[in-house]
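Notes for the one structure printed next.
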Ligand SMILES: [Zn+2]
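In our numbering, the protein residues as written are 25 to 311.
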């Protein structure tokens with residue numbers, strides 16, 4: 025689960041984005057994953073870290089093998105996951121079946137971790153996973169999902185941003201399990217690392233990490249202003265707000281937009297700036 029993708033961005037199946045970062049495209053393009061999940065081969069040695077093995081589609085394994093060959097990598101040391109959404113954890117079982125038993129680590133999230141039948145090793149904030157040529161430091165950055173980790177690539181002062189910052193589209197904050205206030209705090213924490221570049225889970229490499237994070241924060245502030253402007257005209261349901269604020273977007277993206285609007289309304293409610301009635305489809309108004 026990533027972002028609604030609007031611009032039809034395509035990426036090559038296999039690419040080398042730095043001396044120590046190669047990428048194999050997950051072969052799972054969709055409205056929510058853009059060109060598909062970026063699966064990263066990290067390090068310089070014969071056995072790399074595989075960061076996010078994608079969704080588990082059969083077309084992926086031959087692409088991964090081609091990426092290994094081009095990167096000069098013979099196998100994997102271990103698998104590391106940014107979070108438990110299906111387009112990130114779904115590929116674990118097939119990669120293990122192909123490449124044998126490997127350690128698979130992530131920050132635990134029992135609701136979603138059952139998607140793999142494999143044992144998971146818990147990762148926590150600040151944990152370091154190293155391999156030849158690369159050192160990854162985990163940053164717990166919840167909001168898009170409660171278990172979300174970004175990873176600082178110490179050798180480049182770069183960051184693997186998972187679904188928190190994307191090369192295309194914007195991050196969805198799911199209505200059920202996401203939290204906009206957590207997400208904004210996570211963006212601030214990511215910015216505090218001053219990443220040179222960002223390797224996102226979807227879309228192309230981001231060359232100026234700090235500028236992109238600032239763009240995301242500005243985007244959320246603008247959305248909040250737009251929602252407040254709609255409510256200033258009178259009480260509205262979430263979908264009524266979506267139809268105004270997202271008028272320029274395809275209708276098929278409106279359900280995802282509704283999740284973001286709901287998150288904004290909850291954050292405004294927490295701040296005492298908006299309230300809702302208790303109906304099946306609640307009506308929101310300014311406090
Ligand atoms: Zn996700």
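The C-beta atom is built at its ideal place from N, Cα and C for all residues, glycine as well. Just so you know, these numbers come straight off a predicted model, no measurement behind them.
Legend entry - Range of the contiguous alpha helix (DSSP H) that encloses residue 210: 204–216
Inset, instruction - Using alpha carbons as the reference points, say which of 198, 103 and 291 lies closest to residue 281. - result: Looking at the Cα atoms, 198 is the closest of the given residues.
Inset, instruction - Give me the Cα-Cα distance between residue 195 and residue 57, rounded to the nearest whole angstrom. - result: 10 angstroms
Legend entry - For residue 164, three-class secondary structure by DSSP: strand
Legend entry - ligand 1 heavy atom lying under 7 angstroms from the CB of residue 210: no
Legend entry - Exposure label - residue 218; buried when at least 16 CB within 10 Å: Burial call: exposed.
Inset, instruction - Quick one: residues in its chain with C-beta nearer than 8 angstroms to the C-beta of residue 36, no 5 flanking neighbours on either side, listed in chain order? - result: 49
Inset, instruction - Could you pull out every residue in the same chain whose Cβ sits closer than 7 angstroms to the Cβ of residue 296, ignoring the five residues on either side in sequence? - result: 311
Inset, instruction - On a CA-only basis, which of 89, 33 and 189 is nearest residue 222? Give me that one, please. - result: For residue 222, the closest C-alpha among the options 89, 33 and 189 is that of 189.
Inset, instruction - With DSSP as the reference, label residue 84 as helix, strand or coil. - result: helix
Inset, instruction - Rounded to whole angstroms, what's the CA-CA distance from residue 138 to residue 131? Just pull it up for me. - result: Our two residues, residue 138 and residue 131, have alpha carbons roughly 13 angstroms apart in a direct line.
Legend entry - At least 3 beta-carbon pairs within less than 8 angstroms: the region 161–169 vs the region 142–153: yes
Legend entry - Classification of residue 182 by the beta-carbon crowding that lies within 10 angstroms, buried from 16 upward: buried
Inset, instruction - With DSSP as the reference, label residue 261 as helix, strand or coil. - result: strand
Inset, instruction - Please classify residue 33: does DSSP put it in a helix, a strand, or coil? - result: coil
Legend entry - Any non-hydrogen atom of ligand 1 within 7 angstroms of residue 107 CB: Yes, ligand 1 has a heavy atom inside 7 angstroms of this Cβ.
Legend entry - Sequence ranges, beta strand (DSSP E) only - wholly within the region 45–132, length at least 3: 45–49, 62–66, 71–75, 99–104 and 127–130
Inset, instruction - Check whether the Cβ of residue 243 sits closer than 7 angstroms to any heavy atom of ligand 1, and report yes or no. - result: no
Inset, instruction - Tell me, please, whether the region 256–276 touches the region 284–300 by the rule of three or more beta-carbon pairs shorter than 8 angstroms. - result: Yes: at least three Cβ pairs fall under 8 angstroms.
Legend entry - Coarse secondary structure for residue 307, derived from DSSP in three states: Strand at residue 307.
Inset, instruction - May I ask you to check if the CB of residue 278 is nearer than 7 angstroms to at least one heavy atom of ligand 1? - result: no
Legend entry - Opening and closing residue of the beta strand (DSSP E) in which residue 224 lies: Looking at the DSSP string, the run of the beta strand (DSSP E) that includes residue 224 is 222–224.
Inset, instruction - Starting from residue 312, follow the alpha helix (DSSP H) in both directions and report where the run begins and ends. - result: A question about residue 312 goes unanswered here, because the residues of the chain that appear run from 25 up to 311.
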